[in-house]
Structure formats: C-alpha cells, structure tokens
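K.L.:
In my numbering, the protein residues as written are 256 to 940.
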C-alpha cells in the first residue's frame, strides 16, 4: 500500500474519519534506547501545566487523550509508540509535539530516524525519514496540530543538545531531578497512584519504567498532591529490580513435580482449551501487575489498574455476542476497555466473529478489539484476518500471538521487572502452563494446510513462484522467522531482529512473492537473525529439496598476521564446537575459498591455507541438521526441526564467537636515565 512520504517542514491533513492514531518513532540501532514523549502545547507553543508532558515517568495526559505505549524491537531496529485520541484532545491544545530522546549518546550515532502515523488498523497514513541529526540528544520528529477544525501532521526534524529535560524546559515544563529520600512507611494502595514502580519488559511494547508518580510515604491528599506537582517533573529513570525465584528443595527424587497452579488435567481441545488458557491469562494479569502492563501496552492500553472478566454476553440485534474476555484498565477517571477473542491450537480467527465484536465495541464506545491466537504475523502490526475497514473508524483492532504473551512472561522473569517473589512464582506457573502441549498456546505450531502440497511440488520441481499456495506458505515462513526472533529475545534478554529488506518490511505482498520465488527456484527458505553482541548474523536455511536445515554464521577475520595466525585465532574459540561443523575460509583474492569439517581442520590446520594466495578475510561456519516434514504437532515436524536447529547452532557455535579486537597501540619505551647514548646506537654499535 502506498502512503505519503513527508519531507522536512511538509504537512499533511489526516483523514477526517480517523479519530485514533498511533505515532511510531523508529531508529535502526536497537541496542540504543530511545524514549518517546509528547508535549501538549497551547496557542503560544507552551504546555498548560507539567501534566502536559507525557513520557515514560508520566505515560498519560490527565484527560487520557495522549498515551505513551512503550518501545519494542523491529526487524529494522526499534520503535516507540504514542497513541493519540484526536476526538478527546482538549480544545485549548493546539499542537502535540512528538519527541525522541536518548539518555546516553546522541542522535547522530543512530543513522536513519523515522516518524510514522498509523490508524487503528495499522495502515500507515504518513511517514517522515531523516538522517540529519548530529549532536542532538533530544529530537522533535514532528507534530500533530489542529488547523480550522482539521487535524494535520507536520515533519519537524529539530534537535536539542540539552537532552529531554532541556527540551521539556524550553516548552515550559518544570523539571526537578534532585535525588529523593528513600521511601519510608507503607504506601497507600487505595489509589492507583500508589502502584509499584516496576518497568515493563525490555524489547516489548511496554518497555521502560511506566509509572508517573513516586511511591507516597503518607496518604495522598489534595495538599500532598499539590506539593508533588509544584516540585516539578522527574525525568530520571528507575533501576530495574529482580526477585529471587521460589525454590522447592525437599523432593526426595528428581522426578517429583511441584503441584501446578494452573492444572492441565482434563484439558481437551477446542472450547475447553480456549477457556482454560483465557482464564489462566486473565488471572495472571490481575495478580502480576508488571505482566498486565506489558501485555496491555501491546494492546494500546494506558498504564493503570487492570481487571478482566470472562464470558460476558452482549446484545447484538436479536442475537448475543460473547467474547472470551472483557479487559478493563482504569487510570484516574478514565477507563479503557477491550474485547478479547482467543484461539488455541490450530483454531483460526474468523472475520465475521471479529466484525461482530467491532460492532459491539463501537456501540459501547469501547477502545479496541484484540485477537489472540497462535498466528504470528510476519511483521508487527499485521493482522491475520482482514476485516471491513469501515468498522475501524471508532474502534481499533489489534492482534497478539501466544508467542508474544510467553515472550513478555519470560522477559520479566529472566531479566528483571518483578521484585515480589509470590508474583514471580505465579508468572512462572503461568509460563509453565503455556509450555505444556495441552494448553494449545505455547508455540508456533502449524505451517498451514498448503504445506504438504507445496513441499511435494518443490521436491518434484513443479512449483512456480506465482502459485497462490506457495505465497501462503511463504507468509507462514516469514511468521516462523519472526517467532524465532521472539524466542531468542525472551531467552537472551536482548532484542533479536528478523532482518528483511526495507521494501519488504512495508509491502507484505512483495515480501511473500520474493520468498515464494526463491522457494520455487532454489527450493529453500532463508531467515536472517541479528543478535546484539554476536560476531555475525545467524542465518537459517531450510532446504526442502534435500530435507536439511543449514545454520550459518560469518565472522570477519583479524586484519593482521598471517593466514595461519588468523586461523589459529578462530580455532581457539571453537574448542568446544562439534567437529561436524563446516569451516570455510574466504581469501582476499577471489577464487581461493577453502572449506573443510572442523575435525579435519583441527587435525591439519594447513588444509585451509596451503596453496592459497592472499589473506583470509572472513570465516563462515555452517552446521547441518535433519529437517522434519510434517506440518505441525510432533517432534518430527518442520517447525520443531527449524526451532531446535536454530537453538542448537546458537548455543554451540554463535555464542562462542567474538569479533577480533586489535591490541591497543603501544607507547615507545622512554630512554632509561644515563643510557641515552646506547639507545641511539642500534645493535650496540
């Protein structure tokens, strides 16, 4: 789908029928944390009060019209989202400035910066891309503003070297970053202002500390609230905390299993499976607030107190509509509401069902309809089911996969965000339930009904890239690739990206066509996973013609020393790597590549260098695994073989490798006192 590309200073009118938009700020260096914020400005270009500054410590405006939704990883880097309800922005707010900031470094180090405006269905309305930033640590990407009762978007591209605090001060915000005394006493939990300040998980839509106020040490009263406001806004972030896991140590044998909080006994398939999974999810979200915030942020909900209700019946004409759950998030006087439709196992979402929920949500003035299933969209924001776009004018439609839900749970448990041991145990039990096959909700489980037909056509040589079945299977492969990135992200605690060409990231049809054509021509699927702090990308190749999975990574060789010394540098890192891994040496002169199994290279290192001209410039390591052929469900399935091969190759090869780092330059040794003459006479002459 084509959409307008804005240049600096250019503006564009937003469609009159669109009342809710998400503003997405994107950057390419995912290891750098960029924080999004928004400022509600009056006709003079200033905030009306400090509450008009929306950011990670104050994630919602007092009227609820502007909300910070957090950050997440993408295939091209990372992004942060801000939701704007245009219909509820106060009349005396003329402009919403859209800002990004970095705590360390500067925007000039981040390369390309992008601003995208998307509607409730995820369709891009406008985009602005710039690489003009240099020394700025805060950057106004653009602004949404009101002109003659019409909303517009303008690309700004203006930076500040004084950081987020300096930028906010220029717009009239009172900043106070003085250290606060340690809290004493018991917080007043009767108000949602007293929620524990726990950051959401890294790499998700709820990334970053997301609580506005500090923990109160006395009951909140109008007087103390006024005092807190006059002290100024704090832009300093909180430190991530992590609880110790609950340990069971009295079992007499290793086979003893602790009792499950969420039992899998009696779980069948279909409706019972969906009800169990829904109930477990909602109960866990109510008990573990950081988890509720992380999941709700993916749905576009504000930070607040979460409640969930199951099997609520709504009237729709002469029939009843019963979503799997109703989700409520309250903050102050605002209540956000979503309807949830859940599928487990191979269950597929239905267009008619989702449209019925959209009708109910529009009538009840709810915010969103959320679908949750094992469908993993090929890229963030894509929907597994297309619905009538006219039904999305007042209500947003968002999709979550069970893989993303499990990802959020693993991130919180493994990498901080929960400081209460009981909450950590409850979340671990929920994840334990999802990991059981009977839950129907743990993994990406199915290559689709066309898989066997397409696989056999590849083997027979009759598949063509334009075949619709090939295109459908190609889309599923890209979804599986994204699932691999999510799994590694949760396990490693860093944002793992599935790398796609830029043109394919915004054009699913072109992406699927290219994957299908490669499958028809070469008989292979390929996924490139970029993992921070590794020496090279992890490339997964599924060769359908040979029934093999090949995993490969390439690392740059040292830029000094002989080829033998460069090879020795590599072999020292591969001492625990399986001997069946292939080692390829690429030389500076074309046509001099050499490849042998690691066992052979260990025994005779010169087998890679003898008779070769030029220097080794890079090494490629590749390991081959058997490929399952079944479409879903068993250890022999295609999906299981891809995921297990990826995990094995990362653990045994990729994480062992480190990039070459040259030694620091050495100083010339100063002459010793009384020996200046000998220093000037080499070889004692």
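Beta carbons are placed, not taken as given, at the ideal position from N, Cα and C, and that holds for glycine.
Just mark residue 701 as buried or exposed, buried being the case when its beta carbon has 16 or more other beta carbons within 10 Å.
P.N.:
By the 10 Å Cβ count, residue 701 comes out buried.
K.L.:
Do the stretch 718-725 and the stretch 749-766 touch if we need at least three Cβ pairs shorter than 8 Å?
P.N.:
Short answer: they don't touch.
K.L.:
Assuming residue 729 and residue 779 make a contact with CB atoms under 8 Å, what is their CB distance in whole Å?
P.N.:
At roughly 12 Å, the Cβ-Cβ gap does not stay under 8 Å, so residue 729 and residue 779 are not in contact.
K.L.:
Considering only the beta carbon of each residue, do residue 676 and residue 738 sit closer than 8 Å?
P.N.:
The answer is no: Cβ separation not under 8 Å.
K.L.:
Looking at the secondary structure, which residues open and close the beta strand (DSSP E) in which residue 840 lies?
P.N.:
From DSSP, the beta strand (DSSP E) with residue 840 extends over 837-842.
K.L.:
Inspect the beta-carbon positions of residue 536 and residue 660 and report whether they are closer than 8 Å.
P.N.:
Yes, the Cβ-Cβ distance between residue 536 and residue 660 is below 8 Å.
K.L.:
Apart from the five residues just before and just after residue 395, which ones in its own chain have a Cβ nearer than 6 Å to its Cβ?
P.N.:
Within the same chain, residue 395 has close Cβ partners 352, 354, 411, 413.
K.L.:
Quick check: the Cα distance between residue 683 and residue 743, rounded to an integer number of angstroms?
P.N.:
One C-alpha to the other measures close to 18 Å.
K.L.:
How about residue 811 and residue 914: do their beta carbons lie closer than 8 Å?
P.N.:
Result yes, Cβ atoms of residue 811 and residue 914 sit closer than 8 Å.
K.L.:
Which residues in the same chain as residue 532 place their Cβ atom closer than 7 Å to its Cβ, once the five residues preceding and following it in sequence are excluded?
P.N.:
Here the set comprises 597, 599, 694, 695, 696.
K.L.:
Count the C-beta pairs between the stretch 803-819 and the stretch 846-857 that are closer than 8 Å, then say yes if the count reaches three, no if not.
P.N.:
No contact exists between the stretch 803-819 and the stretch 846-857.
K.L.:
So which of 691, 664, 277, 692 has the shortest CA-CA distance to residue 679?
P.N.:
The option with the nearest alpha carbon to residue 679 is 664.
K.L.:
Can you give the beta carbon distance from residue 338 to residue 322, rounded, assuming they're within the 8 Å contact cut?
P.N.:
Right, their Cβ atoms sit about 5 Å apart.
K.L.:
Quick one: Cα of residue 559 to Cα of residue 605, how far?
P.N.:
Taking the straight line joining both Cα atoms gives about 31 Å.
K.L.:
From residue 287 to residue 752, what does the alpha carbon distance come to, in whole angstroms?
P.N.:
When rounded, the distance between both Cα atoms is 14 Å.
K.L.:
Assign residue 260 to buried or exposed, taking buried as 16 or more other Cβ atoms, counted over all protein chains shown, within 10 Å of its Cβ.
P.N.:
Exposed, by the Cβ-count rule.
K.L.:
DSSP three-state call for residue 616: helix, strand or coil?
P.N.:
Helix.
K.L.:
Could you give the uninterrupted runs of the beta strand (DSSP E) lying entirely in the stretch 560-615, keeping only those of 3 residues or more?
P.N.:
DSSP runs (the beta strand (DSSP E)) wholly in the stretch 560-615: 560-565, 569-571, 574-576, 580-586, 589-597.
K.L.:
Give me, in chain order, the residues of the same chain whose beta-carbon lies closer than 6 Å to that of residue 616; leave out the 5 immediate sequence neighbours on both sides.
P.N.:
594, 624, 650.
K.L.:
What are the start and end residues of each continuous beta strand (DSSP E) run of 3 or more residues lying completely inside the stretch 361-431, in chain order?
P.N.:
Entirely contained in the stretch 361-431, the beta strand (DSSP E) runs reaching 3 residues are, in chain order, 368-373, 379-385, 393-402, 405-415.
K.L.:
Count the other CB atoms, across all protein chains shown, that sit within 10 Å of the CB of residue 923; report buried if there are 16 or more and exposed otherwise.
P.N.:
Label assigned to residue 923: exposed.
K.L.:
Taking the alpha-carbon of residue 609 as reference, which of 640, 591, 896, 592 has the nearest alpha-carbon?
P.N.:
Here the closest residue by C-alpha is 640.
K.L.:
Start and end of the beta strand (DSSP E) containing residue 281?
P.N.:
Counting along the chain, the beta strand (DSSP E) containing residue 281 begins and ends at 275-282.
K.L.:
For residue 681, collect the residues of the same chain with a Cβ closer than 7 Å to its Cβ; drop the 5 residues on either side in sequence, then sort them by chain order.
P.N.:
Answer for residue 681: 516, 539, 542, 543, listed in chain order.
K.L.:
Would you call residue 629 buried or exposed, if buried means 16 or more other Cβ atoms sit within 10 Å of its Cβ?
P.N.:
So residue 629 counts as buried.
K.L.:
Any contact of the stretch 266-281 with the stretch 312-319, i.e. 3+ C-beta pairs under 8 Å?
P.N.:
Judged by Cβ distances under 8 Å, the stretch 266-281 makes no contact with the stretch 312-319, as fewer than three pairs qualify.
K.L.:
For residue 423 and residue 848, what's the separation of their Cα atoms in angstroms?
P.N.:
The alpha-carbon atoms of residue 423 and residue 848 are separated by roughly 56 Å.
K.L.:
Give every residue of the same chain whose Cβ lies closer than 6 Å to the Cβ of residue 389, excluding the five residues on either side of it in the sequence, and list them in chain order.
P.N.:
Cβ neighbours of residue 389 beyond the five flanking positions: 363.
K.L.:
What is the DSSP secondary structure of residue 663, counted as helix, strand or coil?
P.N.:
Residue 663 falls in the helix class under three-state DSSP.
K.L.:
With DSSP as the reference, label residue 763 as helix, strand or coil.
P.N.:
If DSSP states are grouped into helix, strand and coil, residue 763 belongs with the helices.
K.L.:
Rounded to whole angstroms, what's the CA-CA distance from residue 585 to residue 919? Just pull it up for me.
P.N.:
If you take the alpha carbons of residue 585 and residue 919, they lie about 56 Å apart.
K.L.:
Can you check which of these residues, 420, 398, 350, 392, is closest to residue 370 by C-alpha distance?
P.N.:
Of the candidates 420, 398, 350, 392, the one whose C-alpha sits nearest the C-alpha of residue 370 is 398.
K.L.:
Note down, in chain order, each residue of its chain lying with its Cβ closer than 6 Å to the Cβ of residue 373, except the 5 sequence neighbours on either side.
P.N.:
Excluding sequence neighbours, residue 373 sits near 277, 379.
K.L.:
By a C-beta neighbour count over all protein chains shown, 10 Å radius and 16 as the cutoff for buried, is residue 646 buried or exposed?
P.N.:
Per the 10 Å Cβ criterion, buried.
K.L.:
Where does residue 465 sit, in a helix, a strand or coil, going by DSSP?
P.N.:
Residue placement at residue 465 is poorly supported in this model, since its pLDDT is 32, which falls under 50; the coordinates still yield a value, given next. Coil, per DSSP.
K.L.:
Should residue 408 go down as buried or exposed, given a rule of 16 or more other Cβ atoms within 10 Å for buried?
P.N.:
With 16 or more Cβ atoms within 10 Å of its Cβ, residue 408 is classed as buried.
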